Amino acid sequence: MSARMAVSVLVMLLLCGVTVVLARRFRDVPPARVLVNLLFPFSQICIVAFLLFYSLKYDLPDWMFAIVAVVGALCGPADLALFKALREAEERDASRERVRLLEEQVRSQEAYLDRLFADMGEARRVREAIAVELEAVDELLGKREAEGVSQGLMRVVGIMDATRKSFCSHRVVDALVSMKVDVCKDAGIETEVDVRLSDDVPFSSVELCAVFSNLFDNAIDACQKVPEERRFITLRARLDAGHLVVRMENGCVASTGGKKRPLRQRAGLAEHGWGLDILETMARRYEGSFQAQQRDGVFSTTVILRAGAVEGDGCKTQR
Numbered sequence: 009m010s011a012r013m014a015v016s017v018l019v020m021l022l023l024c025g026v027t028v029v030l031a032r033r034f035r036d037v038p039p040a041r042v043l044v045n046l047l048f049p050f051s052q053i054c055i056v057a058f059l060l061f062y063s064l065k066y067d068l069p070d071w072m073f074a075i076v077a078v079v080g081a082l083c084g085p086a087d088l089a090l091f092k093a094l095r096e097a098e099e100r101d102a103s104r105e106r107v108r109l110l111e112e113q114v115r116s117q118e119a120y121l122d123r124l125f126a127d128m129g130e131a132r133r134v135r136e137a138i139a140v141e142l143e144a145v146d147e148l149l150g151k152r153e154a155e156g157v158s159q160g161l162m163r164v165v166g167i168m169d170a171t172r173k174s175f176c177s178h179r180v181v182d183a184l185v186s187m188k189v190d191v192c193k194d195a196g197i198e199t200e201v202d203v204r205l206s207d208d209v210p211f212s213s214v215e216l217c218a219v220f221s222n223l224f225d226n227a228i229d230a231c232q233k234v235p236e237e238r239r240f241i242t243l244r245a246r247l248d249a250g251h252l253v254v255r256m257e258n259g260c261v262a263s264t265g266g267k268k269r270p271l272r273q274r275a276g277l278a279e280h281g282w283g284l285d286i287l288e289t290m291a292r293r294y295e296g297s298f299q300a301q302q303r304d305g306v307f308s309t310t311v312i313l314r315a316g317a318v319e320g321d322g323c324k325t326q327r
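Sequential numbering from 9 applies to the sequence shown in this note's numbering.
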């Protein structure tokens, strides 16, 4: 084996080894994304192999072969440095997203405290109003005025029905959903919420905020692109057999043809907000599933997360 052939083999082995190392680093990402990321080093392998082959076949000058070999060898370390920088950039983006979610959780908890104080004041007012009405009813009973008693009791029922509505027992989720529903009202979006989560649900408040916040943000953004009469958001969530099941439907711009269209590819997700990409990542992390589809101007999203799938996150609720 000539020296040129040996150098060529070493350069190709180096590039292939770097590609294998990069592939192992992307074990936790979707296969489609792995292929896209590896397309760059694979194209380098093809180009360098082509240049080395013709350098050997046509016996090009040593200086030309040396340039091809050196540049080819440098591609390996350069690829490692490049993808390391890309991974660090993604981690910074993930950290910023986590900080945003933590800030939203803090806002939700502050909103919960505000609501708590407001509810305490409202409860005192309601008790006082009910006491006044019941005293009046007691007097009417003494006077045997049945119609007045009936009207007084109806007023008491009306006062009790006028108290603030709570969406679920989980304090942080309740506060977050309340905030988002208020945003929907300001944007002219009709909402229907059925969330059945207790305060001891086995998911951290950060993860719950990530799910509900991204779903609402994506749905609100989609609704704002359609006429007001088509703006609606329906949210349903429950804990079933150790799985958190969250389903949301919202109005959106109708797709061409009006047929049911699943959105599983990254390009499809990008059309409906980066929040869905985050939810897809969470579903994989929690050994669950993520489905998003669009049909007849309605966008449907279903997220299923398995409790206890991530050690340390499913054992205790952070408040």
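Quick reminder that beta carbons are idealized off the backbone N, C-alpha and C, glycines included. Just so it is clear, the structure is predicted and the values come from calculations on it, not from any experiment.
* Are the Cβ atoms of A300 and T289 separated by less than 8 Å? -> Cβ distance not < 8 Å, so A300 and T289 don't count as in contact.
* To do: List the whole-angstrom C-beta distance separating L30 from D67, where the pair is believed to meet the contact cut-off of C-beta under 8 Å.
  => 33 Å between Cβ atoms; not a contact.
* Among E111, I197 and V26, nearest to P49 - alpha-carbon criterion -> Looking only at E111, I197 and V26, the smallest Cα-Cα distance to P49 is reached by V26.
* Asked: So R179 is in the alpha helix (DSSP H); what residue range does that whole segment cover?
  -> Counting along the chain, R179 sits inside the alpha helix (DSSP H) bounded by residues R179 to D194.
* Based on the DSSP secondary-structure assignment, which residues constitute the bridge partners of Q299? -> DSSP links Q299 through a beta bridge to T310.
* To do: Assuming A245 contacts A183 (C-beta within less than 8 Å), just tell me the rounded distance between them.
  => Not really, about 15 Å apart at Cβ, beyond 8 Å.
* Asked: Per DSSP, N258 forms a beta bridge with which residues?
  -> Within the DSSP secondary-structure output, N258 pairs in a beta bridge with I241 and F307.
* In terms of alpha-carbon separation, which member of R104, A102 and L64 lies closest to S16? -> Ranked by Cα distance from S16, the options R104, A102 and L64 are led by L64.
* Own chain, CB closer than 7 Å to K188, minus 5 neighbours either side, in chain order -> Within the same chain, K188 has close Cβ partners F224.
* Burial state of R108 (16 or more Cβ within 10 Å) -> With fewer than 16 other beta carbons inside 10 angstroms of its own, R108 counts as exposed.
* Pair every Cβ in the segment 225-232 with every Cβ in the segment 187-203, then say whether three or more of these pairs are closer than 8 Å. => They touch, by the three-pair rule.
* For the segment 21-78, which segments carrying the alpha helix (DSSP H) assignment without a break, of at least 4 residues, lie completely within its bounds, in sequence order? -> If we require 4 residues or more, the alpha helix (DSSP H) runs fully inside the segment 21-78 come out as 39-65.
* To do: Locate the beta strand (DSSP E) running through E198, then write down its first and last residues.
  => Looking at the DSSP string, the run of the beta strand (DSSP E) that includes E198 is E198 to R204.
* Roughly how many angstroms separate the alpha carbons of E112 and E215, rounded to a whole number? -> Between E112 and E215, the C-alpha separation is close to 12 Å.
* Do the segment 239-255 and the segment 205-212 meet, that is, are 3 or more Cβ pairs less than 8 Å apart? -> Yes, they touch.
* To do: Give the range of the alpha helix (DSSP H) segment to which E215 is assigned.
  => Start and end: S213 to C231.
* Cα-Cα, which of V37, W71 and V79 is closest to M20? -> When only C-alpha atoms are compared, the closest one is V79.
* Asked: For A275, which residues of its own chain have a beta-carbon under 6 Å away from its beta-carbon, when the five flanking residues on both sides are left out?
  -> The predicted position of A275 is uncertain, since its pLDDT is 42 and thus under 50; a value taken from the coordinates is nonetheless stated next. Nothing listed; no residue qualifies.
* Where R239 and V219 are concerned, what is the direct C-alpha to C-alpha distance, given to the nearest angstrom? -> Going by the C-alpha atoms only, they are around 21 Å apart.
* Rounded to whole angstroms, what's the CA-CA distance from L287 to A315? Just pull it up for me. => Take the alpha-carbon of L287 and the one of A315: they are about 15 Å apart.
* D207 (DSSP reduced to helix, strand or coil) -> If DSSP states are grouped into helix, strand and coil, D207 belongs with coil.
* Taking K193 as the reference, which of Q232, D202, C217 and R179 has the closest Cα? -> Nearest C-alpha to K193: Q232.
* Taking 7 Å as the cut-off, does the CB of G305 come closer than this to any heavy atom belonging to the ligand COA? -> For the ligand COA, the structure offers nothing, since it holds no ligand at all.
* Going by DSSP, name the residue or residues bridged to R246. => Note: R246 sits in a beta bridge opposite R204 and V253.
* Between the C-alpha atoms of L205 and V180, what's the straight-line distance to the nearest angstrom? -> For L205 and V180, the distance between alpha carbons rounds to 11 Å.
* To do: Determine the direct distance from the alpha carbon of E99 to that of A93, and round the result to whole angstroms.
  => Rounded to whole angstroms, the separation of the alpha carbons of E99 and A93 is 10 Å.
* To do: Less than 8 Å between the CB atoms is what I'm expecting for I241 and N258, so what's the real figure, rounded?
  => That pair is a contact at about 5 Å.
* To do: Within 10 angstroms of the Cβ of M256, are there 16 or more other Cβ atoms? Answer buried if so, exposed if not.
  => Residue environment: M256 is assigned as buried (16 or more neighbouring CB atoms within 10 Å of its CB, all protein chains considered).
* To do: Kindly indicate which three-state DSSP category K151 falls into: helix, strand or coil?
  => Correct three-state label for K151: coil.
* **L247 and V203 closer than 8 Å at C-beta** => No.
* For P235, the three-state DSSP class (helix, strand or coil) -> Here DSSP, grouped into helix, strand and coil, assigns P235 to coil.
* **Spatial distance of G305 from V44 (CA atoms)** => Rounded to whole angstroms, the separation of the alpha carbons of V44 and G305 is 31 Å.
* To do: Return the Cβ separation of G84 and L23 in integer angstroms, given the expectation that the two are a contact with Cβ distance under 8 Å.
  => About 6 Å separates the two Cβ atoms, so the contact holds.
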